[in-house]
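For what it's worth, the UniProt record's numbering labels the leading residue of the sequence shown as 1, then goes sequentially.
In what follows, a single structure is set out as structure tokens and then discussed.
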Amino acid sequence: MWLAELLKKYTIQGNTQAAATCESPPELLGRSVITLTTREFNCESPRITTEPQDADVTLGNTVYFICRAEGNPKPKIIWFHNNNEINMKDDGRLNLLQDGTLMIQDTKESDKGIYQCLAKNTVGEAKTQEVSLRHFVTPSKPAFVIHPQNTEVLVGGSVTLECGVSGHPAPRVVWMLSSGSPLPQNSRFTITSSGGLYIQNVTLSDEGKYSCKATHREGSIMATANVIVQDTPRFLAVPSDQTVMEGQSVDLSCSADGHPLPVITWTKGGGPLPNSWRHSVLSTGTLQIVQVALHDQGHYECHAINAVGAQSFSVKLWVTPHVMPVFLHPPRDTVADVGQDIEIPCTAQGDPQPTITWAKDSIQITESGKFHISQEGTLSVRDLGLADQGRYECIARSSSGFTTSSMQLTVIATNVGRSGDTFVATSIQEAISSVDFAINSTRTELFSKRPKTPNELLALFRYPRDPYTIETARAGEIFERTLQLIQDHVQQGLFVDMNGTGYRYNDLVSPHYLNMIANLSGCSAHRRTPNCSDICFHKKYRTHDGSCNNLQHPMWGASLTAFQRLLKPAYQNGFNLPRGFSLVEDSRELPLPLPRLVSTAMIGTETITPDDQFTHMLMQWGQFLDHDLDQTVAAISMARFSDGESCSQVCTNDPPCFSIMIPKNDPRVRKGRCMFFVRSSPVCGSGMTSLLMNSVYAREQINHLTSFIDASNVYGSTEQESLELRDLSNQNGLLKKGQVVPSSGKPLLPFATGPPTECMRDESESPVPCFLAGDHRANEQLALTSMHTLWFREHNRVATKLQALNPHWDGDTIYHEARKIVGALMQHITYSHWLPKILGEAGMKVLGDYKGYEPSTNAGILNVFATAAFRFGHTLINPLLYRLNETFQPIQQGHVPLHKAFFSPFRIIQEGGIDPLLRGLFGVPGKMRVPSELLNMELTEKLFSMVHSVSLDLAAINIQRGRDHGIPPYNDFRVFCNLTSAQEFDDLKNEIKNLEIREKLRSLYGITKNIDLFPALMVEDLVPGTRVGPTLMCLLVTQFRRLRNGDRFWYENPDVFTSAQLTQIKQASLARIICDNSDHIQQLQKDVFQVASYPQGMVGCSEIPQVDLRMWQDCCEDCSTRGQLRALSQQFRSKRSSDFSYPEENPSKAFLGGPRMEGSPLNHSPEEDLRSLVKELEKTILSLRKQVNGLGGQLRRHQRSFATKYGRQQENGAKERKR
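Here it is in structure tokens:
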């Protein structure tokens, strides 16, 4: 610009000739410089933005004249005193601050006069008004002339917090931390001559608030400013170059620190990542690529970015192409005779080398005495039976993919006599006698006195209470005992070793005699065929035993049916003997470790890590839910059938005993040789008893409960159980009540009747019997009992309100409608509030949304779910049950150690009720599931503990139960869940990263295919955002998808509830259940599964949404109660204080002569409710029209009939008159 001005000047004078053109910027390219104007240079002459003001100052004090200006270029500030430019260098008392302010310290007489500020740049200049500096000597209070300002600074930089103060005499300026603490004794902190705080070489620890305090005898003032320290990103961990096989997954780790915390982003080759679900950046900054493809190869860049700057790091990913498996020798169709051993070859190759697995009729085959798969892939089937006939599929699977080939096995049966036929008559009589003797001695031992040992307590706890279950279990035991006796007779007669896999079960007894054994044992008599003909009932309501839910398969999900299988069971002999039943499975295999040894080596823990997200209620809901889904029917004898000796005394594996042996040098047990354990009862038609089908099927176990989430733990799993729980003395549809809590007027559960129970085991504590509930395990521990109390009260609360809304309903209708609602509430809480915390976002995505009822899906409980997978909840249990008062402090009686909470209902009656226990569930963090901290010692060392007795070990019981049920090893379920088959223990490193845990597994099991499922599931690393590992997530998702999709009465099924009713059910929460049914709890968090602090995280019950039960009020002309529309309009007008369309709509009045029903404001629009009502009314009108049309038709038929009859009478009369 100066050149343009110069050329213009000389051109006007005419004594110079020159020319210049612009090269830049582009918009001025080629223009003559002399033609350019100031505006085109984007220059701006100075403009004063803040004018100085007159000042009065006492001598020796400090004065500030403020002058601020803007312009382009930035103006230079020059000050004049009495029209003379001030030279700051001549007088150290004078300072020009960065913003243009003139500061004069220690003012003197010579400083008085006129001051003016000049702002100047290359474009021009601007002056301020003249101001005066006057002196006076009157004392004045301190005042800020310049306040400290919040300032941002980089690490390593310097910062000055200005603090200009006036006053007379001159105030003393002191800097301190905002907490009142003095500044650090550090040379980096200095006070400037102007009173400012100067910090050099700033560190992150310098961030915070600083206070400037000015003090003299007239008073003191203080101002505060923030120093915000920023730091450029720096990498903490950087990825390394990797080579990965196509189809595998890869993690590129990258993390960084900085201030503010940097965001991690990734690019590929300088561009954005592919827009694919396979590429995701985890919360840790790690780039995860699943199912890597060849085109994923290349350079990837990790960028750490914050407001200060960015850092980048590049890494190279190489992708090795895979070779899909191909069969070298595919299997061929085979025909064989019953009793033969056959081998079916199947070999494949690929890169990497594929693993061979087999499936029969779409169910994966597992290693057992029946089946063996060689390393090359050949399938061996021993002792062929008709059940082995079917389609077999060979699957070659590797990380590159999989391929399949199938074959048909045909088994030919020969109709000849069997070697055991001659022993049938004597064996059946001996079996009935020995089983009945053992059962009767057990019942006498259990019910004639209080239980004295943990063994008796466990047996009593698991003992079936209804006669039908007992007879069903008895029949299976007699059948299996009969066949065992026949086998013993045959073995003795032939003098050969027939134990283990060499024995031919199909050669034992002829089909004719099998049918006779079935009839005499009772197996035939206990085959249920449900009657689903009452379609009007079955369309609306569930049966108590779960039958007729699936109208095509009425017994799917019913109580007292077999658990379902995902994989073929793994028994030692292929049929019914557990793995590890004998010390060595066969000469080629390593023995399985003792379950107690596994428990003490890697499961029991004294260390507990609190969960920072979820409360102990997460565990308790899981247990309560489990008791709605499954309960295995245990053997009904504590004594072995052979001689009646107690299983806990003989420590042998004679049926039904399967004792848990105590290893040498056990850390706790010194005297006993074993822990009590009996096998689960077999289903008639499985194991040995499956010979009913003319062939051997593997042993299956009985689920005593309905499989559905139907609140069977509230109502029972049979019709007989439900009748024992109902109050049938009136038509109110209620459940029986126990004694009333005086302070709340709410009832406890009723007491169970009968002989002394597990709850009365200790005479020194209390003679209070067990409570009666839908599941007899309700008394297992106090917190569980509290949950049962809540839901029993919820049924009665709902039933009472339904009766008030529909007084024309009878007791059965009220009961079933309330039961239907309660079951729906439990389903909603489980799938909407609880399950997402267990499975996380990843698991819920795999589970998927509800798409409707699937009649082809069997909702039955999987054996692996009941026996291993869902027992993961044991790892969430705290060793204490906390009991908290209204302010969330311990109650006077204190907390309860878990081993003292078992079967102790007297503590609810005598020690504060259910409220302290409930607060202890939602007011206390749960136990974090850490792979190295699994089950607390209360469960592994003190379970059902009693004086002078060996306590039980829950972890060892879980492992032993898995073997009892033929649960296949961990490796088989890895393959089922699409994880790699672990050939070596290091192959587990992706799912079990802890090397110490893998080494413990190696020392215990020796080979990977021996690893029991339960402990392996527990030590898997958690999937981020979940409380489960990958295999456990797979199993839980499989089960919960079946439970939802295979339930015809699922609450989201459009045929179950109206849209208005469903909207209300979705308002439900466990917090609301607690508010409505506890004694006095009024404060809690909205999500009782989420950790919250008291009182900040709590809300009042009035803020928790309610279910508006008016959506269940009948709307019909012939009902004794009408007015649903008025009830709704009343709700919407409740906010109006005085204006009502009709006087009777005033909400202060009761409607229809009854009490006003409680209800929270609806969480949906009035229009939605009205649309729903109109829809319901249309249905009612349509129904009435059909009835009117039907009546019209009947009337016309009557008229025709009358006319015909009348005509005949007239004819007869005429004839009579003629006579």
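Ideal Cβ placement from N, Cα and C applies to all residues, glycine included.
Keep in mind that this is a model prediction, so the values were computed, not measured.
Self-check item: Nonlocal neighbours in the same chain, by C-beta distance under 7 Å from I48, ignoring five residues either side
Solution: A69, A119, A126 and T128
Quiz item: Below 8 Å between beta carbons: does that hold for S610 and I959?
Solution: For the sequence presented, residue 610 should be read as Pro rather than Ser. For P610 and I959, no; Cβs fall outside 8 Å.
Self-check item: Own chain, CB closer than 8 Å to T1026, minus 5 neighbours either side, in chain order
Solution: I838, L839, G840, A842, G843 and M1033
Quiz item: Contact check, A783 vs L921 under 8 Å by CB: the rounded distance?
Solution: 6 Å
Quiz item: Quick one: is E23 buried, meaning 16 or more other Cβ sit within 10 Å of its Cβ, or exposed?
Solution: exposed
Quiz item: In chain order, what residues of the same chain lie with their CB nearer than 6 Å to the CB of S722, ignoring the 5 residues before and after it?
Solution: H544, Y715 and G716
Quiz prompt | CB-CB length for F581 against A438, believed under 8 Å | solution = Going by Cβ atoms, the distance from F581 to A438 rounds to 20 Å, so no, they are not a contact pair.
Practice problem: Could you tell me which residues DSSP puts in a beta bridge with M617? | Solution: Its beta-bridge partners do not exist; DSSP assigns none.
Exercise. My understanding is that K360 touches G390, with C-beta atoms under 8 Å, so please give their C-beta distance in whole angstroms.
Key: 6 Å
Quiz item: Can you find at least 3 beta carbon pairs, one from the segment 387-405 and one from the segment 966-973, that sit closer than 8 Å?
Solution: no
Quiz item: What does a CB cutoff of less than 6 Å around A824 pick up in its chain, not counting 5 residues either side in sequence?
Solution: Y1051 and I1065
Practice problem: Would you identify the three-state DSSP class for G113, choosing helix, strand or coil? | Solution: strand
Quiz item: Between which two residues does the alpha helix (DSSP H) carrying K316 extend?
Solution: No alpha helix (DSSP H) holds K316; the beta strand (DSSP E) holding it covers A310 to T320.
Exercise. Using three-state DSSP, classify Q1064 as helix, strand or coil.
Key: helix
Exercise. Classify R1048 as helix, strand or coil using the three-state DSSP reduction.
Key: coil
Self-check item: Residue(s) in a DSSP beta bridge with Q288
Solution: D251 and S280
Quiz item: At a cut of 8 Å, does the segment 859-872 reach the segment 651-662 through at least three beta carbon pairs?
Solution: no
Practice problem: Report the rounded CA-to-CA distance for I440 versus S637, giving the unit in angstroms. | Solution: According to the sequence displayed, residue 440 carries Asn and not Ile. Approximately 8 Å between the Cα atoms of the pair.
Self-check item: Simplified DSSP state of M787, which is helix, strand or coil
Solution: helix
Quiz item: What residue from V822, P325, G339 and G644 has the CA that sits closest to I412's CA?
Solution: G339
Quiz item: Who are D383's beta bridge partners in DSSP?
Solution: In DSSP, D383 forms no bridge with anything.
Quiz prompt | Segments assigned beta strand (DSSP E), at least 3 residues, entirely inside the segment 57-141 | solution = 63-65, 68-72, 76-81, 94-96, 102-104, 113-120, 125-127 and 131-135
Quiz item: Would W277 be called buried (16 or more neighbouring beta carbons within 10 Å of its own) or exposed?
Solution: exposed
Quiz item: Measuring CB to CB, does N885 end up less than 8 Å from P916?
Solution: yes
Quiz item: Would the segment 162-173 and the segment 209-217 be scored as touching if the rule is three or more Cβ pairs under 8 Å?
Solution: yes
Quiz prompt | the segment 294-306 contacting the segment 363-379, beta-carbon criterion three pairs below 8 Å | solution = no
Self-check item: Limits of the unbroken alpha helix (DSSP H) element including K213
Solution: Taken as a continuous stretch (DSSP letters only), K213 belongs to no alpha helix (DSSP H), being part of the beta strand (DSSP E) at G208 to H216.
Quiz item: In this structure, what does DSSP give as the bridge partners for P682?
Solution: Q701
Quiz item: Candidates Q623, V633 and F677: which alpha carbon is nearest A639's?
Solution: F677
Quiz prompt | Rounded straight-line distance, which links the Cα of S45 to that of Y64 | solution = 25 Å
Quiz item: Counting pairs of Cβ atoms below 8 Å between the segment 306-313 and the segment 325-336, do you hit three or more?
Solution: no
Quiz item: What's the gap between the Cα of A20 and the Cα of F144?
Solution: 54 Å
Quiz item: Leaving out five residues before and five after T1121 in sequence, what residues of the same chain have Cβ atoms less than 8 Å from its Cβ?
Solution: Low per-residue confidence applies at T1121: pLDDT is 44, beneath 50, and the placement is therefore not dependable enough to give any value.
Quiz item: Hey, R668 and Y853 are a contact pair by Cβ (cut 8 Å); roughly how many whole angstroms apart?
Solution: The Cβ separation is near 51 Å, so there is no contact.
Quiz item: What are the boundary residues of the alpha helix (DSSP H) that includes R974?
Solution: Y970 to F976
Quiz item: Could you check where the beta strand (DSSP E) with N226 kicks off and where it finishes?
Solution: G219 to A237
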